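Below: one structure, written as structure tokens.
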Amino acid sequence: MASDDVRVTAPSPLLVSQLGLARLDYHVRVTTTMDVAHALAEEGAPAGTLVLASSQAAGRGRSGKSWTSEPDAGLWCTLIERPRDARALEVLALRVGLHLADALAPLVDGAVQLKWPNDLYVHDRKLGGILIEVRWRDARPEWVAIGVGINRVVPLGYPDVAHVRPGTSRDMLLTVVAPALRAAASTDGVLTARECEAWAARDLAVGRRVLSPAQGTVQGITSDGAIVILTGTGPIACHSGSLIFT
């Protein structure tokens with residue numbers, strides 16, 4: 388950890404009542420909140436522990452992609468949960484996206500859309516991303532780390548990304564994001580019909596042609612989190628990969 392880290396670790400009634408957290412770990416600067424969260428979980432940190440940083444030196448997204456995390460330019464955090472239901476992990480990124488889209492809607496100018504499997508967009512520009520990492524023991528999930536990055540302002544050198552409404556502080560973001568993450572993580576099972584309908588209403592990709600993870604036209608998602616693409620030989624359900632539009 389950096390020597391200038393400031394950490395608030397003790398549970399308090401304020402955190403529990405306002406954010407629904409068991410513990411908040413705040414750092415001025417870390418390599419990545421995801422790595423800190425895994426270390427804390429290994430030490431026995433309880434479900435509901437949130438790692439928050441002003442900046443990350445090496446923030447990351449899916450497939451090892453880097454994530455720009457300048458000081459106070461956004462909300463950079465990772466939540467530790469200890470799931471009961473392994474099935475829910477298959478759809479957790481999508482479920483988190485749904486909860487975040489609803490939570491962030493009052494803080495953005497425009498509709499929050501979802502890009503399978505883990506991105507939030509506004510006006511076709513990326514607002515934020517989700518990263519899910521699970522640690523297993525004896526074929527059972529021991530903990531899951533739910534990483535989130537939400538742009539508060541336009542990052543330097545990235546003029547084409549979305550951000551929340553000007554004047555939205557990091558604390559304002561935290562007060563809506565933390566409860567949304569906890570609610571998503573506490574839901575068991577695959578996506579319900581209502582959740583699938585909610586995704587369809589925010590789906591950035593439906594009806595658009597893509598090159599990956601298969602070439603064709605996006606038709607929607609399934610209850611187990613797959614994306615359905617209509618190819619030249621018929622519809623196929625893809626459970627992994629990233630969407631690349633034509």
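Its first residue numbered 388, the sequence shown is counted upward by one per residue in my numbering.
Ideal Cβ positions, reconstructed from N, Cα and C, are used throughout, including at glycine.
Computed from a predicted model, the values in this text were never measured in an experiment.
Following the DSSP letters along the chain, one finds residue 518 inside the beta strand (DSSP E) bounded by residues 512-524. Counting of Cβ neighbours within 10 angstroms places residue 523 among the exposed residues, the total staying below 16.
Partner residues in the beta bridge of residue 508, as assigned by DSSP, are 500 and 513.
In the DSSP secondary-structure assignment, residue 443 is bridged to 417. Residues 486 of the same chain have their beta carbon placed closer than 6 Å to that of residue 570, with the five preceding and five following residues left out of the count.
If you ignore the 5 residues before and after residue 607, its C-beta comes within less than 7 Å of the C-beta of 587, 590, 593 and 615, all in its own chain and listed in chain order. Pairing residue 629 with residue 409, the inter-Cα distance amounts to about 33 Å. The three-state secondary structure of residue 575, taken from DSSP, is coil. For residue 492, no pairing in a beta bridge is given by DSSP. Between the segment 464-478 and the segment 561-568 there are three or more inter-stretch CB-CB distances shorter than 8 Å, so the stretches are counted as touching. When C-beta atoms of the segment 470-490 are compared with those of the segment 544-551, fewer than three pairs fall below 8 Å, so the two segments do not count as touching. In its chain, beyond the 5 residues on either side, 499, 501, 507 and 589 have a beta carbon closer than 7 Å to the beta carbon of residue 488.
Per DSSP, the unbroken beta strand (DSSP E) holding residue 532 starts and ends at 527-538. By the Cβ criterion, the segment 595-606 is in contact with the segment 616-624, since at least three pairs of Cβ atoms, one from each stretch, lie closer than 8 Å.
Within the same chain, Cβ atoms closer than 7 Å to the Cβ of residue 602 are found at 618, the five residues on either side in sequence being excluded. In the displayed model, residue 618 falls within a strand according to three-state DSSP. Burial state of residue 553 is exposed, judged by a 10 Å Cβ sphere holding fewer than 16 other Cβ atoms.
Taking 7 Å as the cut-off, the beta carbon of residue 551 is found no closer than this to the beta carbon of residue 605.
Under the Cβ criterion (8 Å, minimum of three pairs), the segment 410-422 counts as touching the segment 432-442.
Per DSSP, residue 406 is not a residue of any alpha helix (DSSP H), being assigned neither H nor E.
Membership of residue 584 in any beta strand (DSSP E) is not indicated; the residue belongs instead to the alpha helix (DSSP H) covering 580-589.
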